[in-house]
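Residue numbers (our numbering), protein chains in the order written: chain A, 75 to 537; chain B, 302 to 1313. We put the beta carbon where it would ideally sit given N, CA and C, even for glycine. Report on the structure given below.
Shown next, in the form of structure tokens:
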């Protein structure tokens, strides 16, 4: 984000993409070239790749699938969203002969990533890093016209049009990035790191399953469960099943599944998130779904306790310095290189994820280095519940109630009442409606956070 | 003369909008701004009450708001107007008048602002353009607004329709375009803009207009008249199809293209574009292109290889018709160019993996015709799709290839436990189970059949009242302390559908309501606050409605405020309503009965609220101890003993008896053997005591009798109680018939003994049936999940009445004309492996399998799979119920085929059960064969091939009568001709699964009995 851009942290960040040209297909004497315009990151207009798509039609289909997610609005009414969020472009990360295109749905409930493995492209990886990449309607139309028999060059960034800093920008797209969108985009990585593979089926069975899914939207979640040699959508919780709400979000996979060798399904039972990994010989298509269409990945508060504790802060710079655009980050190697215990390195990686500095690759089961081309440093401090808790602490709105060997009770001011926070056997309970509704499944409420901070402060003074 | 803010305030207060316009006339910008604050304040104040109730039941717009709108628009800055929102923009006439006078610099930006919203103000912007106040907006929103306007949903504000709009809403697109010819230039941009939200060319023509009033009709007509060039329209529509628009919106362009009726020459000129569109990710676009390619190819042959490559994506299309059409073209290509046959065959193999049997069949016919079984590449390709090939096709394919398919892959999850061993292991496991459980689960018979390789799949013979029912993993733990109760109440207030939580809090309040420590008010503050907040947000009231959530609010508020509240029948908005005064606040709401509560759970909660307000703690007899409403017999006995001879509340007593679990009854009887009192006597009777029942009170002894033997007539009580109704002293006899399927309530239930005219409200078992047969006076439960769960918890042993009510409601809404999301709750108890599926439960299940709503149908399918797997449901039972439904025409058979196909998939046992059910169901003879019967016959054919079991002779006779050459007849003929028998290994597999499921059941019962 350039300093000239205005930032309204209460709701959204006004963000301007400033591309040198519009991405699109360029006719060449022999074939065509898919030219993707870049902006942002370490350089203003980086050049990452020059080469050829080996299976152009499949690559185009995968990129179209990615854009389907960018355009998708699974929850917010379209017109409302059009005002809130003009289409946000995907980001691309280039490292170790891999190109990873990441995108997030406008409604903040779905994350998609296309990984082109070395077998997908032939050419030269010119640079390493992460940048925004311009995706526009004509490009989408052009992608739809690509056939496998076509000879299609791919360039991510362009040397020909590389302009000096401050020179004229040709294409400018202004969008409002809501904070929850941005936060979701970065926090989805920590959700993925907790997921485990639950199911795997061959591509043909995946196609059958995806085609069997109801076309009509339904209000209740479903469970994807094994059935014979394939999968089935059940309406009842199942020990070997994966919970999915907003099943319409899987529709993008229906078009792509015929290309895949297999479909792997990952899930984290605690957060009720699920991920789908289409395995192609030369690429991967990941789709990560939030627990419900109306719930994004932000605001779930899973990282709040980590952020509040801060054990990782010391390790963070060293861990960050040890990364070098690795396509697969080996925590053991980082532990050795940084000299910190593995647990601290893991926490630091999680914190780096929240800062948009690493992504998580379910296929490899490891983080990869990428730095989102947005300024997300403010997000960490701009957690509404943390902010609320800090305010309560500052205003001395916490008092201690009964304290026995079994429990500690604190009263924290709410709207016109005092909420009782009760610690019992390491678990905290609060009488506020938010906690009462979610029972801690969506992280602690601000009253519990404030009580934790208050108790930490008291312990600190005592020691 | 200078004007004052007081004058303006006066005009706004009087609601004089026209005078407000005149007030600002001729004023310069700086003078206008002096009134901005006053206008903004007045606008914000009047915006809070946009609608006024002038007299009870009569509503009208607040005239002050109209005047304030004019005032803010006349003097505020553009940024202020944007922040005030759409209500700050007056009607078109006033808007033009004000802006013509005011002439601000921001008119262009304002025009864009008027368009960039959910309801764009097209007529206002066009008026601004005509008045020369703004330029034509260049943004896409201008076109979207044009579409919005043409849909007839233009400017409509403050109850007034602008005159121009009034005339235009009946004006079609053609007339509109001819009257405003400058719009013809904008037409071409409509081919480049997808539309937005609900506004697009497709949406317009689908929902708003037809003929020349529609966009496609108008443009075709303009092309015919030569106003718009035909070639450009043809090209523009084809180009639009390749722009990646959404499926619904892009459909308009292909339809329009075809409406232009391109000649073969025009099509041939555009052959490359059509060919490219075959790869469109939008199936209808690809189908459209396929038709065009087919026409062109018939006239001028395409290059063979290019055409085969282009057709490849369509051969894996979801749409059956598209794949078949592509195969036809491929067939022509292969016939035309024999050298291309191999490539065409390789492409066609893809279609063998299609989920539809007829597509696979078409692909196989193609391969037989053009493919070479010797070709290694082709054999490899076929073997990769082998497992997807339909059972009915597999043998043909194997015969053609002259080789078996590769090894069969294993299911990704075994349907039964890994403990399964050989027959000896099963017998050893069975031997460890007491005989009573083996008998009820049918273990011995199943093992015998297994040993004899005999296919005998009758469902387990238990009725649910003789087995342990309590799920030890779903115990409702009683609340022990006040703090626990507060936390539980706070949580229950936020989880509306959690019926167990509701009961747990009621029980807690009942026992702990006398605890009032010094800081009670403070501790209860958040819960009290939340109750009031929830109550103020709705028009529902505690006790008088039938929502447990509001009963809970009523109980908690009464307990906290020491006041159970007062109710009074009043008129509200001119309608009968109830006024509820509690804790110093007044709430009003509508209720079924304004005189007194009718919901039994509401009455029980109200009695508890009265007691809690008096801080009189007592045991709640009917508080469930386990999920589903069950009360452990021993626990109830302890409650009765603790209560001694104290008065037991009527609804509480009845519920307590009906909720009695089957287990532990003799132990419970011992506990209360010496307790005196009416309720204790009834309770003893319910637990199986040999003493004779009494005549009074009827409601108590009926409940005791039903709890004692739910499925039998109590002859001793019959002589004492006369004509009390179904499931009073006499066991109900229920039947159903399907009436006129086009009417709202097609399912008619008949119960015997008949329902009495006058009914004691405490006869809950009879009331459940009164609700089931749809007595409009009965409101036991409604649409929401918690309400239905409440009804299901009334008599958990016997769910037939609730299942019957559910069946009626599902039947009324099979096609989902009304979004009743809660109805799926009716299926939930059927998942309980210990709930026997009696007639009404099966009816509910079978109707659910045909429901349109995916959640309902999916849940019914889950129940079907579970019930077949745990042996509660056999093919005979399923088939008999199905055979009574489908001939009526009520059922969409493709839905049954889909859900039963899924139910058949998990194991051989499931496949055999579904096959048997279909065989039996299709033996029924309807007056007229439904058009979608082929779907059911197709599934039966696949299952016959898969299981190896041919259809029964009765069904064979019925199917042999099918005449004609339609799809159903062809499949019926194939079924009739099919003979053979299940292989011994398959029978062994099925019977092993059957025996194991029964053993698992018996082991579970034994374990529960032992654990108790």
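The three-state reading of DSSP puts residue 493/A in strand, counting E and B together. For residue 206/A, no alpha helix (DSSP H) encloses it; the enclosing beta strand (DSSP E) starts and ends at 203 to 207. Residue 634/B and residue 576/B have their alpha carbons spaced roughly 15 Å apart.
Restricting attention to 395/A, 148/A, 420/A and 271/A, the CA atom closest to the CA of residue 315/A is found in 271/A.
Chain A places no beta carbon closer than 9 Å to that of residue 806/B, leaving this residue out of the contacts.
Taking 9 Å as the cut-off, the beta carbon of residue 649/B is found closer than this to the beta carbon of residue 628/B. DSSP assignment within the stretch 661 to 690 of chain B yields the following whole alpha helix (DSSP H) runs of 4 residues or more, N-terminal first: 677 to 686. Within chain A, no C-beta atom comes less than 8 Å from the C-beta of residue 371/B; the nearest is roughly 26 Å away. Exclusion of the five residues before and after residue 591/B leaves 579, 615, 623, 626 and 627 as the residues of its chain whose Cβ lies within less than 7 Å of its Cβ. Chain B places a beta carbon closer than 9 Å to that of residue 290/A, counting this residue as a contact. Relative to the Cα of residue 194/A, the nearest Cα in the group 202/A, 137/A and 479/A belongs to 137/A.
Here residue 812/B is near residue 918/B, since their CB atoms are less than 9 Å apart.
Here the C-alpha atom of residue 1274/B lies approximately 50 Å from the C-alpha atom of residue 364/A. Residue contact with chain A for residue 1122/B: present (Cβ-Cβ distance below 9 Å to some residue of chain A).
Three or more Cβ pairs drawn from the stretch 281 to 296 of chain A and the stretch 1151 to 1171 of chain B lie within less than 8 Å of each other, which places the two stretches in contact. Residue 99/A is a Cβ neighbour of residue 219/A, given a cutoff of 9 Å. Within 8 Å of the CB of residue 1243/B, no CB atom of chain A is found; the nearest one sits about 13 Å away.
Taking a Cβ-Cβ threshold of 7 Å, the residues of chain B close to residue 503/A are 788, in chain order. Scanning its chain for C-beta atoms nearer than 8 Å, with the 5 sequence neighbours on each side dropped, one finds around residue 752/B the residues 724, in chain order. Measuring C-alpha to C-alpha distances from residue 896/B to each of 844/B, 1072/B and 321/B identifies 844/B as the nearest. Within the same chain, 98 and 99 come within 7 Å of residue 216/A by CB-CB distance, once the 5 residues on both sides are set aside.
Apart from sequence neighbours up to five positions away, the residues of its chain that approach residue 391/B with a beta-carbon distance below 6 Å are 370, 371 and 374, ordered along the chain. Under the three-state reduction of DSSP, residue 876/B is assigned to strand.
For residue 513/A and residue 318/A, the gap between their C-alpha atoms comes out near 20 Å. Neighbours of residue 439/B in chain A, taken as residues at a C-beta separation under 7 Å, are lacking, since the least C-beta distance is about 16 Å. Closest in alpha carbon position to residue 1070/B, among 1047/B, 1109/B, 1227/B and 1039/B, is 1109/B. Near chain B, meaning a CB-to-CB distance below 7 Å, the residues of the stretch 513 to 537 of chain A are 513.
Listed along chain A, the residues sitting closer than 7 Å to residue 577/B by beta-carbon distance are 219. Under DSSP, residue 850/B takes part in no beta bridge, so it has no partner. When the Cα atoms are used, residue 1043/B and residue 1147/B turn out to be separated by approximately 19 Å. Residues of the stretch 336 to 368 of chain A whose Cβ lies closer than 8 Å to any Cβ of chain B: none.
Your pair residue 688/B and residue 647/B does not check out as a contact, with CB atoms roughly 19 Å apart and the cut at 8 Å. DSSP places residue 162/A outside both helix and strand once states are collapsed to three, so it counts as coil.
Annotation for residue 271/A: the continuous beta strand (DSSP E) segment containing it runs 270 to 276. Residue 420/B and residue 655/B have their C-alpha atoms roughly 44 Å apart. Ranking 1041/B, 1125/B, 323/B and 357/B by CA distance to the CA of residue 875/B puts 357/B first.
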